Ligand SMILES: Cc1cc2nc3c(=O)[nH]c(=O)nc-3n(C[C@H](O)[C@H](O)[C@H](O)COP(=O)(O)OP(=O)(O)OC[C@H]3O[C@@H](n4cnc5c(N)ncnc54)[C@H](O)[C@@H]3O)c2cc1C
């Protein structure tokens, strides 16, 4: 089978997401003679981790992370993979000829493409457990703050508190310091023991372990206090952040109310790890399952990233939060699967030390698994769904009156019906439902996946109607 | 469970829940069996239009009664009486509109014809290309998302048993009546009522009845909160568009454009080649929609039989098996016809006649 036999506006592979996973998948598929289209909503390739700097500060000195991003972008440039940036995929649909239709909204006129296969490499999104005051200006997600720092080289303003779980806390704090910001304190739910338990897996990747130790060491040297086994219980302030109250937690991460401390600050970087961004893979109809060690709901995939839907592949963090060491390899493996499936060739992508890296990634993700006490941080009046202004009390009430699933809570309260499509409240709603009903995450399920994946301006979707062309399928019966 | 229920209602949509409430009031020990959650089928995802203008002539008296019931449910279901226009944009559509609306008026609906100028003065954002229009002051909408919550609360108040996540996989004859299975789980009941919407065909087949039920898969779209663009509900002479702006500013766009998939395959999906013209038509009617963001498009299954009349009565001429479904405009009519169905099963005389499923079902008029 040669790809040129296929109709000329049909791609062999559309890759959604140009982070380390997607970009590597695109390059490999292209190198094997496949017609590839790489799409990303960002300005350039790199994704979250290798995010490009904004044009005005390109000359600033280059870190090792930036170097990797630049290498990838150069590599892409050379490989002549067809790219569309600042373009959003809003829809994926099985076409009648066995391929896939991908709906686009972007600067150019092409509103739909068709492809024999789609590689989904949409990465991760933040998990932020809402607490009182989390919607105040000055509160940033941990991952969100890294994005801002990478793009603009600006630390969050004023005194910063960095709080949450996993390695990101230490990375963010050390970056803020490096860029000239001011970290007042670090609060992490993890204990030193949690980290000791992760050590055996971390030793597998000594360079990364060393890097992590450097972050922590730099914080110690600057005498920045690290409060282990604590979490933020309220973020205080009238119109913007003025301080936080942190509290000790027990082993289930439930707050111990008599161990509290107020710390003044002007910015808060806050988050509990990452969730796989699965809205695109779910829209294809592929099977998903829940695995907290992979960050939550993930598509069911084989070794190489084939999902249960023929022609749909997943790689990178959206297939399980395993981080940046695994992402490029999983991208290459997804490309390998596509090459095998379309051309019958076995390009034999490297196994390299994938298992080791997966183990490392998993150990990091495990540090972020929310424990049962965490929901005690959420006050009755705390807004869970920012789009619709739905509080914990509203959700608890709905569950107490018989709502047993995600769809039921959503229908009854409007939680998740706003422009973000439930992206930010989904996980919290499921946690609350699990808590009250003692059902498993699988039983509670996820809200039905529907397009558009992100809100899109009606005009960019639909163009104009020639009224006389209106296909009139027959009039309803009298 | 050792309980023997007087009746098991299969399907927890408006039809099933409405009938269960009536049956329970009438003294029957009732259980509702639902494969997913209460009110998450067609009853929970439809466009919520309560319009006399899109009701079939023969079903008009039922729709009027149904409408009254929605009005009584009021805020709990997000009921709004806004008045509604049906629009025609060329002469052919205008003729169609006159013919149909005159008949519906005769059947009791409060419908009048209005001039395009008059519409534009009350709905300034509509396209100026309207050629003819009709108006019904009774038309309005309710919020179908609240169907599940509403009926779940009623069932709980009346202490009616319901089991969610109970997808019926088999119905067997039993010395007491019926044994209804969901995998290994079973429920025994003296009677059954099938009220499984788009899934009725499969369930009827479980007791050997072969009914000519087909399923349509309708598409609905919602926008972000928009500035006020519309105060009444809208329809189109061809039936290809319904629109309403809810209190919170979001705009719902429907019109029966078809998605993909069958009830057996799960929830179904939108079909981009039908979604796009649906949205184009909406924009043609309200040009200012062009700059509004679309938040979500979805589909739901609606069953019908070739004559497009309900199935409401005994199933396969048995005395202990019943079916209620295939009601066109079933959201509007549902609360009323399900009450009638309850009365019928309770052996009472019904206020209006039902629709015997064993009639000769012939292909209906589809222009
Ligand atoms: C998209 C859409 C838009 C519509 N718009 C309007 C409108 O604007 N106005 C209007 O008046 N009407 C409208 N309708 C029609 C109206 O929604 C339906 O007629 C009505 O809701 C049907 O109710 P029901 O209870 O029969 O079906 P459903 O609400 O579908 O209920 C059937 C239930 O049976 C359950 N079930 C199925 N199989 C099994 C099984 N094996 N075991 C257990 N349970 C099972 C299902 O899960 C479901 O909950 C629309 C329909 C759709 C799909």
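Residue numbers (this note's numbering), protein chains in the order written: chain A, 635 to 1112; chain B, 670 to 1036. Glycine included, every Cβ here is placed at the ideal spot set by N, Cα and C. Remember, predicted model here, so these are calculated numbers, not experimental data.
(Q) Between the alpha carbons of residue 912 (chain A) and residue 896 (chain B), how many angstroms are there, rounded? (A) To locate residue 912 (chain A), count along the first chain from 1; it is residue 278. To locate residue 896 (chain B), count along the second chain from 1; it is residue 227. Straight-line measurement puts the Cα of residue 896 (chain B) at about 32 Å from the Cα of residue 912 (chain A).
**Q.** Contacts that residue 953 (chain B) makes with chain A (C-beta to C-beta distance below 9 Å)
**A.** Locating residue 953 (chain B) in the second chain gives position 284, where the first residue counts as 1. Going along chain A in sequence order, the residues near residue 953 (chain B) (Cβ under 9 Å) are 1098, 1099, 1101, 1104.
(Q) Closest to residue 696 (chain B) by C-alpha separation, out of B:1022, B:1025, B:1017, B:939, would be which residue? (A) The residue given as residue 696 (chain B) occupies position 27 in the second chain. Residue 696 (chain B) has its Cα closest to that of B:1017, out of B:1022, B:1025, B:1017, B:939.
Q. Is any heavy atom of ligand 1 found at a distance shorter than 8 Å from the C-beta of residue 991 (chain B)?
A. If you number the second chain from 1, residue 991 (chain B) lands on position 322. If you check the C-beta of residue 991 (chain B) against ligand 1, you find no heavy atom less than 8 Å away.
Q. If you draw a straight line from the alpha carbon of residue 936 (chain B) to that of residue 792 (chain A), how long is it in whole angstroms?
A. The residue given as residue 936 (chain B) occupies position 267 in the second chain. The residue given as residue 792 (chain A) occupies position 158 in the first chain. Roughly 50 Å separates the two Cα atoms.
Q: With distances taken Cα to Cα, identify the nearest neighbour of residue 675 (chain A) among A:708, A:662, A:757.
A: Taking the first residue of the first chain as 1, we reach residue 675 (chain A) at position 41. Selected option, being the one with the closest Cα: A:757.
(Q) Applying the 10 Å Cβ sphere with the 16-neighbour rule, what's the burial state of residue 1034 (chain A)? (A) For the purposes of this step, residue 1034 (chain A) is identified with residue 400 of the first chain, where counting begins at 1. Exposed, by the Cβ-count rule.
**Q.** Buried/exposed call for residue 1032 (chain B), threshold 16 Cβ in 10 Å
**A.** On the second chain, residue 1032 (chain B) is found 363 positions in, with the first residue counted as 1. With fewer than 16 Cβ atoms within 10 Å of its Cβ, residue 1032 (chain B) is classed as exposed.
(Q) I'd like the ranges of any beta strand (DSSP E) spanning at least 3 consecutive residues and lying wholly in the segment 671-728 of chain B. (A) Segments of the beta strand (DSSP E) lying fully in the segment 671-728 of chain B: 673-679, 699-702.
Q. Going along the segment 817-838 of chain B in order, which residues come within less than 7 Å of chain A, judged by CB to CB distance?
A. Among the residues of the segment 817-838 of chain B, those with a Cβ less than 7 Å away from any Cβ of chain A are 817, 818, 821, 822, 825, 833, in the order of the chain.
Q.
Please list, in chain order, the residues of the segment 703-723 of chain B that have any C-beta partner in chain A closer than 8 Å.
A. Flagged, chain order: 705, 706, 707, 708, 709, 713, 723.
Q.
Shorter than 8 Å, the distance from the beta carbon of residue 970 (chain B) to the closest heavy atom of ligand 1, or not?
A. Position 301 of the second chain, counted from the first residue, corresponds to residue 970 (chain B). At least one heavy atom of ligand 1 is nearer than 8 Å to the Cβ of residue 970 (chain B), so yes.
Q) In this structure, what does DSSP give as the bridge partners for residue 748 (chain B)? A) Within the second chain, the letter at position 79 stands for residue 748 (chain B). Looking at the DSSP assignment, residue 748 (chain B) forms no beta bridge with any residue, so it has no partner.
Q. Taking Cβ-Cβ distances shorter than 7 Å, what residues in chain B pair up with residue 1090 (chain A)?
A. The residue labelled residue 1090 (chain A) in the question sits at position 456 within the first chain. The contact set of residue 1090 (chain A) on chain B, defined by CB atoms closer than 7 Å, consists of 962, 963 in chain order.
Q: Check whether the Cβ of residue 665 (chain B) sits closer than 8 Å to any heavy atom of ligand 1, and report yes or no.
A: For chain B, the structure presents residues 670 to 1036; residue 665 (chain B) sits outside this window and is missing.
Q) Are the CB atoms of residue 655 (chain A) and residue 672 (chain A) nearer to each other than 9 Å? A) Taking the first residue of the first chain as 1, we reach residue 655 (chain A) at position 21. Taking the first residue of the first chain as 1, we reach residue 672 (chain A) at position 38. Contact check for residue 655 (chain A) against residue 672 (chain A) fails: the beta carbons are separated by 9 Å or more.
Q.
Quick check on the burial criterion: 16 or more other C-beta atoms within 10 angstroms. Buried or exposed for residue 970 (chain A)?
A. Position 336 of the first chain holds residue 970 (chain A). Under this definition residue 970 (chain A) is a buried residue.
(Q) Within 8 Å, do at least three Cβ pairs link the segment 784-802 of chain B to the segment 1082-1097 of chain A? (A) No contact exists between the segment 1082-1097 of chain A and the segment 784-802 of chain B.
Q. Cβ of residue 664 (chain A) within 9 Å of Cβ of residue 713 (chain A)?
A. Taking the first chain and counting its residues from 1, the one referred to as residue 664 (chain A) is at position 30. Taking the first chain and counting its residues from 1, the one referred to as residue 713 (chain A) is at position 79. Against a cut-off of 9 Å, the Cβ pair of residue 713 (chain A) and residue 664 (chain A) comes out as a contact.
Q. Interface residues of chain B around residue 1082 (chain A) at Cβ under 8 Å?
A. Along the first chain, one-based indexing puts residue 1082 (chain A) at 448. Under the 8 Å cutoff, chain B gives 936, 967.
Q. Does the beta carbon of residue 812 (chain B) fall short of 8 Å from some heavy atom of ligand 1?
A. Start at 1 with the first residue of the second chain, and residue 812 (chain B) comes out as number 143. Taking 8 Å as the cut-off, one finds no heavy atom of ligand 1 near enough to the beta carbon of residue 812 (chain B).
**Q.** Contact residues within the segment 1045-1066 of chain A, judged by C-beta distance below 9 Å to chain B
**A.** Listed by position along the chain: 1045, 1046, 1047, 1048, 1051, 1052, 1053, 1055.
(Q) Just checking residue 996 (chain A) against ligand 1 - is the residue's beta carbon closer than 8 Å to any of the ligand's heavy atoms? (A) Mapped onto the first chain, residue 996 (chain A) falls at position 362. No, ligand 1 has no heavy atom inside 8 Å of this Cβ.
Q | residue 759 (chain A), DSSP secondary structure in three states | A | By 1-based counting over the first chain, the position of residue 759 (chain A) is 125. In the structure shown, residue 759 (chain A) sits in a strand (DSSP, three-state: E or B).
Q | Beta-carbon neighbours of residue 928 (chain A), restricted to chain B and to distances below 7 Å | A | For this step, residue 928 (chain A) is matched to residue 294 along the first chain. Listed along the chain, the chain B residues whose CB falls inside 7 Å of the CB of residue 928 (chain A) amount to none; the nearest CB is some 24 Å away.
Q: Using a Cβ cut-off of 9 Å (strictly closer), state whether residue 940 (chain B) contacts chain A.
A: Start at 1 with the first residue of the second chain, and residue 940 (chain B) comes out as number 271. Residue 940 (chain B) counts as touching chain A.
Q: May I ask whether a heavy atom of ligand 1 can be found less than 8 Å away from the beta carbon of residue 1158 (chain A)?
A: The question about residue 1158 (chain A) has no answer, for chain A in this structure spans 635 to 1112.
Q: For residue 859 (chain B), collect the residues of the same chain with a Cβ closer than 8 Å to its Cβ; drop the 5 residues on either side in sequence, then sort them by chain order.
A: As a first step, residue 859 (chain B) is located in the second chain; it is residue number 190 there, counting from the start. Non-local C-beta neighbours of residue 859 (chain B) in its own chain, meaning closer than 8 Å and more than five positions away in sequence, comprise 673, 674, 675, 676, 845, 846, 847, 989, ordered along the chain.
Q) Nearest-angstrom Cα distance between residue 973 (chain B) and residue 749 (chain A)? A) Looking up residue 973 (chain B) in the second chain gives position 304. Looking up residue 749 (chain A) in the first chain gives position 115. So the two alpha carbons sit approximately 36 Å from each other.
(Q) Which complete alpha helix (DSSP H) runs does the segment 909-986 of chain B hold, if anything under 4 residues is left out? (A) 941-954, all fully within the segment 909-986 of chain B.
Q.
Tell me the DSSP secondary structure of residue 903 (chain A) in three-state form.
A. By one-based count along the first chain, residue 903 (chain A) stands at place 269. Strand at residue 903 (chain A).
Q: For the beta strand (DSSP E) containing residue 892 (chain A), list its first residue and its last residue.
A: By 1-based counting over the first chain, the position of residue 892 (chain A) is 258. Element bounds for residue 892 (chain A): 889-898.
Q) By how many angstroms is the C-alpha of residue 1041 (chain A) removed from the C-alpha of residue 856 (chain A)? A) Position 222 of the first chain holds residue 856 (chain A). Position 407 of the first chain holds residue 1041 (chain A). Approximately 48 Å between the Cα atoms of the pair.
Q: Please check if any C-beta of chain B sits within less than 9 Å of the C-beta of residue 852 (chain A).
A: Residue mapping note: residue 852 (chain A) aligns to position 218 of the first chain, counting from 1. Not closer than 9 Å to any Cβ of chain B, the Cβ of residue 852 (chain A) fails to qualify, so no.
Q.
So, with DSSP's three-state summary, where would you put residue 1043 (chain A)?
A. Taking the first chain and counting its residues from 1, the one referred to as residue 1043 (chain A) is at position 409. Residue 1043 (chain A): helix per DSSP, three-state reduction.
Q: For the segment 759-775 of chain A, enumerate the residues whose C-beta is nearer than 8 Å to any C-beta of chain B, in chain order.
A: Listed by position along the chain: nothing, the set is empty.
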